[in-house]
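In this text, residue positions in the sequence shown follow this note's numbering: the first is 11, and each later residue adds one. Where a beta carbon is used, it is the ideal one built from N, C-alpha and C, also for glycine. The model shown is predicted, which means the values in this text are computed figures rather than measured ones. Each remark here refers to the structure printed beneath this line.
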Amino acid sequence: MLPSLRINALSYWTIPPVAVLLLLTPVFGGFDSGWTAYPPLSVINADGQLLVLFAFLTFGLFSILGGLNFLTTVIKMRVPGMTWGRLPIFVWAIVSAFLISLAPTKFVAYGLIMVILDRVAGMGFFDAAVGGKPLLYEHIFWFYSHPAVYVMILPAFGIELEILSRFSRKPVFAYKWVVASFIAVVILSMVVWAHHLFTSGMSSYIHIPFMVSTELISIPTGAVFLSALGTLWMGKLWLKTPMLFAVGVIFNFLIGGITGIFLADVATDIQL
Ligand SMILES: [Cu+2]
């Protein structure tokens, strides 16, 4: 049972109003700024943009509350004897993902509120003509939106390792290293954001630290990859459909991981 079912239900019920806001955008001239809503375009375009900003804000609020709800559940409602060291790896993955959901989501909300204020009150946060900083939004946006990538992938890692373990008839290999890696991913996810700004015109002395921090993420994610291989190793494999998908994920993750190393490299990234 979840400790705050009402909050959880509230998160669910944000979907209809958000859908209504998005469906109404054509009536107000639509929106053409993409999902990132970068200013100056998102400040000067049609009013449909305003509805998208409110929809995004609403989802953000309930993403924070959903994170709070799941973390409270794991911290306060484990059965007696379920120590942190015995938590299923999927639950650790959920804890890590929702730490991210809880902590940096508020920053993207600040960015969205600043765009709204620029539009309706002419505050000029992002308008260089009145002393604003156009690149500020991109920093705020990616401070949330890079970690958000891990809100999606961490639970998938958890599911992956649970399936490999079940269908290899072995416990998850190097469980403690995987838990440490999940926590490392949470921490590192918040110090890599400017790799999305390599071609934005930000000062070039910021490139190298963000390249290094980004490359560092391949260490914990590599540990998760090795744990997947170690779990399969010498197991009595049961090649049912979930297992075939899980083995496919290993190859897919390898390809994605290797391209990540080169895409995070400033010289290659700028060319590509
Ligand atoms: Cu990123």
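Next on the checklist: Given a cut-off of 8 Å on the beta-carbon distance, is the pair I74 and T115 in contact?
Outcome noted: By one-based count along the sequence shown, residue 74 stands at place 64. By one-based count along the sequence shown, residue 115 stands at place 105. A distance below 8 Å separates the beta carbons of I74 and T115.
Next on the checklist: I need the DSSP call for A65, collapsed to helix, strand or coil.
Outcome noted: One-based indexing of the sequence shown puts residue 65 at position 55. In the structure shown, A65 sits in a helix (DSSP, three-state: H, G or I).
Checklist entry - Any residues whose CB sits closer than 7 Å to a heavy atom of ligand 1? List them in chain order? => result Counting every residue whose Cβ lies closer than 7 Å to a heavy atom of ligand 1, we get W152, H156, V159, V202, W203, H205 and H206.
Next on the checklist: Less than 8 Å between the C-beta atoms of T35 and V62, yes or no?
Outcome noted: Residue mapping note: residue 35 aligns to position 25 of the sequence shown, counting from 1. Residue mapping note: residue 62 aligns to position 52 of the sequence shown, counting from 1. Yes, these two residues count as a Cβ contact at 8 Å.
Checklist entry - Between F100 and G168, which are expected to be in contact by the criterion C-beta below 8 Å, what is the C-beta distance as a whole number of angstroms? => result The sequence position of residue 100 within the sequence shown is 90, counting from 1. The sequence position of residue 168 within the sequence shown is 158, counting from 1. So it is a contact: roughly 4 Å between Cβ atoms.
Item to check | C-beta contact flag for V306 and L109 at 8 Å | outcome: The structure shown does not extend to residue 306, since the chain is modelled only from 11 to 282, so the question has no answer here.
Checklist entry - Does the count of Cβ pairs from the stretch 123 to 142 and the stretch 197 to 214 closer than 8 Å reach three? => result Look at the beta carbons and you see the stretch 123 to 142 not touching the stretch 197 to 214: under three pairs across the two are nearer than 8 Å.
Next on the checklist: Going residue by residue through the stretch 56 to 142, where are the continuous beta strand (DSSP E) segments of at least 3 residues, counting only ones entirely within it?
Outcome noted: Note on the stretch 56 to 142: there is no whole beta strand (DSSP E) run with a minimum of 3 residues.
Checklist entry - Got a sec? Which residues, its chain only, sit under 8 Å from L71 by beta carbon, not counting five neighbours each side? => result Mapped onto the sequence shown, residue 71 falls at position 61. The residues are T24 and A119.
Item to check | Per-residue burial, S175 [other beta carbons within 10 Å of its own, 16 or more giving buried] | outcome: For the purposes of this step, residue 175 is identified with residue 165 of the sequence shown, where counting begins at 1. Buried, by the Cβ-count rule.
Checklist entry - Are L171 and S106 closer than 8 Å when you measure CB to CB? => result In the sequence shown, residue 171 corresponds to position 161, counting from 1. In the sequence shown, residue 106 corresponds to position 96, counting from 1. Between L171 and S106, the C-beta gap is not smaller than 8 Å, which leaves the two residues out of contact.
Checklist entry - Which residues mark the beginning and the end of the alpha helix (DSSP H) in which D279 is found? => result As a working mapping, residue 279 is identified with position 269 in the sequence shown. Unbroken alpha helix (DSSP H) run through D279: V276 to Q281.
Checklist entry - Which stretch, first to last residue, makes up the alpha helix (DSSP H) that contains F261? => result By 1-based counting over the sequence shown, the position of residue 261 is 251. In the DSSP annotation of this structure, the continuous segment of the alpha helix (DSSP H) that includes F261 starts and ends at T251 to L273.
Next on the checklist: Looking at the secondary structure, which residues open and close the alpha helix (DSSP H) in which K180 lies?
Outcome noted: Translated into the one-based positions of the sequence shown, residue 180 becomes position 170. For K180, there is no enclosing alpha helix (DSSP H), as DSSP marks it with neither H nor E.
Next on the checklist: Relative to the C-alpha of F153, which candidate in W203, R96, R88 and L127 has its C-alpha closest?
Outcome noted: The count along the sequence shown starts at 1 and reaches residue 153 at position 143. When W203, R96, R88 and L127 are compared, the shortest CA-CA separation from F153 is found for W203.
Item to check | Status (buried if at least 16 other CB within 10 Å, exposed otherwise) for V125 | outcome: Numbered from its first residue, the sequence shown carries residue 125 at position 115. Buried, since its Cβ has 16 or more Cβ neighbours within 10 Å.
Next on the checklist: For G77, which residues in the same chain have their Cβ closer than 7 Å to its Cβ, ignoring the five residues on either side in sequence?
Outcome noted: Locating residue 77 in the sequence shown gives position 67, where the first residue counts as 1. Cβ neighbours of G77 beyond the five flanking positions: F108, S111 and L112.
Item to check | Inside the stretch 184 to 227 only - alpha helix (DSSP H) runs reaching at least 4 residues | outcome: Runs found: 185 to 199 and 217 to 226.
Checklist entry - Hey, F208 and I150: beta-carbon distance below 8 Å or not? => result What you label residue 208 is simply residue 198 of the sequence shown in a count that begins at 1. What you label residue 150 is simply residue 140 of the sequence shown in a count that begins at 1. Contact flag unset, no.
Checklist entry - Between T68 and N18, what straight-line distance do the alpha-carbon atoms span, to the nearest angstrom? => result Here residue 68 refers to the residue found at position 58 when the sequence shown is read from its first residue. Here residue 18 refers to the residue found at position 8 when the sequence shown is read from its first residue. If I take the Cα positions, the gap works out to 14 Å.
Checklist entry - So, do the stretch 244 to 255 and the stretch 210 to 230 have three or more beta carbon pairs nearer to each other than 8 Å? => result No, because fewer than three Cβ pairs between the stretch 244 to 255 and the stretch 210 to 230 fall closer than 8 Å, the two stretches do not touch.
Checklist entry - Exposed or buried, A131, counting other C-beta atoms within 10 Å across all chains shown (16 or more means buried)? => result For this step, residue 131 is matched to residue 121 along the sequence shown. Exposed: under 16 other Cβ atoms inside 10 Å.
Checklist entry - Which same chain residues, not among the five before or five after D242, have their C-beta less than 7 Å away from its C-beta? => result Working through the sequence shown from its first residue, we reach residue 242 at position 232. The sequence as given places Leu at residue 242; Asp does not occur at that position. Cβ neighbours of L242 beyond the five flanking positions: L174 and S178.
Item to check | Residue environment, D42, which counts as buried when at least 16 other CB atoms sit within 10 Å | outcome: The sequence position of residue 42 within the sequence shown is 32, counting from 1. It is exposed - the Cβ of D42 has fewer than 16 other Cβ atoms within 10 Å.
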